[in-house]
Structure formats: structure tokens, C-alpha cells
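Residue numbers 7 to 262, in the numbering used here, belong to the letters of the sequence shown in order.
Glycine included, each C-beta is placed from N, C-alpha and C at the ideal position.
Every value quoted in this text rests on a predicted model; they were computed, and no experiment measured them.
Each remark here refers to the structure printed beneath this line.
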Amino acid sequence: MLKQMSSAFFAPLDQYPSAGMFTSAHLISLLVCFVIVGVCLLASRKMQWKTVMKLTKILAVIITLLELIKIGYNFYFGYTWLDAWFPLSYCSLFIYALWLSGYGKGVFKKLGDAFIIMGALLGGIGFLIFPTTSLMRYPIWHYLCLYSLFFHTAMIYLSFMYLKQQKTLVNRKTYVYFSVYFMIGAMISIILNVLFGSNIMLLREPFNVPFAFVHEIQKHSQVAYTLLAMLAYLVGPALFSLIVKIILARQTRKFN
């Protein structure tokens with residue numbers, strides 16, 4: 007029985023119907039993830055910054071180990087193309103940001119802080135609402151789906167904690183660090199996409215993106231699509247974090 011459950015938990019691609027997007031499985035998991043975020047935020051409302059940093063260090067180790075299991079799974083079944091295993095999607099930048107923020111110092115820590123504060127919140131929410139990768143390929147109870155849901159839930163929760171504790175860091179200087187951090191990842195992704203025909207960070211084509219106009223742009227101009235995608239990554243998350251900062255600041259003034 008245990009062996010059968012383990013076999014299904016790590017089942018190969020296409021062995022079971024995928025969870026899909028906007029299906030009952032997806033919507034229920036979306037609700038569960040948001041409830042978990044809410045409960046965790048409520049439980050940690052008095053958490054100090056020192057404790058948040060300890061949590062960041064713990065998450066860095068846990069998520070890295072889970073990511074290594076994901077990579078091992080893909081290689082075991084022969085899914086060795088870059089898109090399948092190489093951890094350089096937009097959200098994968100969260101992994102390196104955890105290490106930089108939790109264990110880094112100086113500029114390196116600022117780069118990690120910047121992504122968690124300005125890039126992680128909308129990235130996590132965006133994936134949970136539009137799960138373009140694992141849920142489109144595997145059943146909801148598959149390891150890759152559950153890991154992905156946990157990963158992006160952690161992104162949302164930790165970003166909220168950073169925004170709550172470090173509201174003053176939502177500024178132009180932090181945005182510069184966020185932009186530099188993202189652009190390093192984007193440049194590496196573009197080079198790999200050109201060399202290997204991959205679609206890392208979705209910078210080559212809008213794979214499973216549910217917006218027709220985006221696909222039309224890519225059909226007419228590859229360069230225009232790539233620039234649009236990069237602009238969306240740079241502007242959207244930071245603007246969203248700024249809005250959340252304003253909301254949190256107003257709530258703080260009300261309670262004070």
C-alpha cells in the first residue's frame with residue numbers, strides 16, 4: 007500500500023490527469039493556500055524581526071532540499087531539458103533570495119531582501135491564481151504540485167512578514183536592488199534560451215499564459231514579447247508591494 011502511494015506521489019508525467027487551471031482541484035487548493043497564509047499571519051502577528059530572519063534561514067534550507075528532490079525526480083524519469091529542472095523561473099529567484107537575505111551580508115543581503123519585499127508577493131499570488139507549470143501537468147496530489155503550492159504559499163507569507171516588519175524598505179533604493187537582481191536572472195535566462203531553445207522565465211514564449219493578446223504579441227515579434235515580459239516582471243510586483251505597504255501603513259495608524 008505504502009509503495010503504491012509513493013509510486014503515485016512521484017508518478018511520471020501524463021500517467022494521471024492534470025489538476026489544470028480554474029478546475030475544482032485548483033480552486034480548492036487556492037482557497038486552502040490563502041487560508042493557510044491568513045492563519046500563519048494571524049499566528050505570527052507579534053513575531054519580531056529577529057525571528058523572521060531565523061524563519062528565512064530555515065525556509066532557505068527546507069525549500070532547497072525540496073527543490074533538489076524535484077530535480078532528482080526529473081532526472082530519474084529523463085526529463086532533462088532545462089525547462090523541466092533548472093531552477094531559474096521568476097519564482098525560483100525566491101530560493102536564492104532566501105539564502106542571500108538569511109545568510110548574506112552587505113549588498114548580497116540587500117539583493118535578497120529586495121526580491122522578497124518587492125518581487126515575492128505578487129509572484130506567489132500570481133502563480134497560485136494562474137498555475138502555468140506543475141498543476142497543468144500533474145494531479146493535485148503529486149509531489150511537484152504540493153511542493154509548488156507550498157513554495158508559493160511561503161513566498162506570499164514571508165513577503166507579507168517582510169513588508170510588515172520593514173515597510174520603510176519599499177523605496178527607490180530597494181527597487182534598484184530588486185531590478186538588478188531580476189535582470190541578472192533574466193540575462194542568464196535569455197542566454198540559455200538562445201543557446202538551448204528553452205523557455206526559462208517564460209521569456210521566449212507565453213507557455214500556458216491565459217491571455218490571448220500576449221500570444222498575439224509573441225507571434226508578431228519575439229523581441230517585443232520578451233521586452234513586455236521583462237517589463238511586467240519589473241513593474242508589476244514592485245507596484246503591488248507598494249500598494250500593500252500603503253494598506254499596511256494605514257492599518258497600523260488606525261490601531262495606534
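Practice task
Along the alpha helix (DSSP H) that carries L141, what are the first and last residues, could you check?
Solution key: That residue, L141, is in no alpha helix (DSSP H); it is neither H nor E in DSSP.
Handout entry: the segment 22–42 contacting the segment 143–162, beta-carbon criterion three pairs below 8 angstroms
Key = Cβ pair count under 8 angstroms is three or more, so yes.
Problem - Under the three-state DSSP convention, the category V176 falls into - result: coil
Exercise for the section: Please say whether A244 and F166 have beta carbons closer to each other than 8 angstroms? Expected result: No. Outside cutoff.
Exercise for the section: Assess, as a yes-or-no matter, whether the segment 88–108 is touched by the segment 176–191 under the definition of 3 or more beta carbon pairs within less than 8 angstroms. Expected result: yes
Practice task
Measure from the alpha carbon of Q24 to the alpha carbon of each residue in M142, V241, E73, then state which is nearest.
Solution key: What sits at residue 24 in the sequence shown is Ser, not Gln. With distances taken between Cα atoms, S24 lies closest to M142.
Practice task
Would you mind working out which of L155, L248, Q224 sits nearest M124, comparing C-alpha positions?
Solution key: Nearest of L155, L248, Q224 to M124, Cα basis: L248.
Problem - Residue span of the alpha helix (DSSP H) that contains T159, given as start and end - result: 149–171
Practice task
Kindly confirm or deny that the segment 166–177 and the segment 51–60 touch, where touching means at least three C-beta pairs closer than 8 angstroms.
Solution key: yes
Exercise for the section: Take I69 as the anchor and find which of F156, F217, P137, I253 has the nearest alpha-carbon. Expected result: Closest by C-alpha distance to I69, out of F156, F217, P137, I253, is F156.
Exercise for the section: Indicate whether the contact test is met: 3 or more Cβ pairs, each with one atom in the segment 83–91 and one in the segment 102–113, closer than 8 angstroms. Expected result: With fewer than three CB-CB distances shorter than 8 angstroms, the segment 83–91 does not count as touching the segment 102–113.
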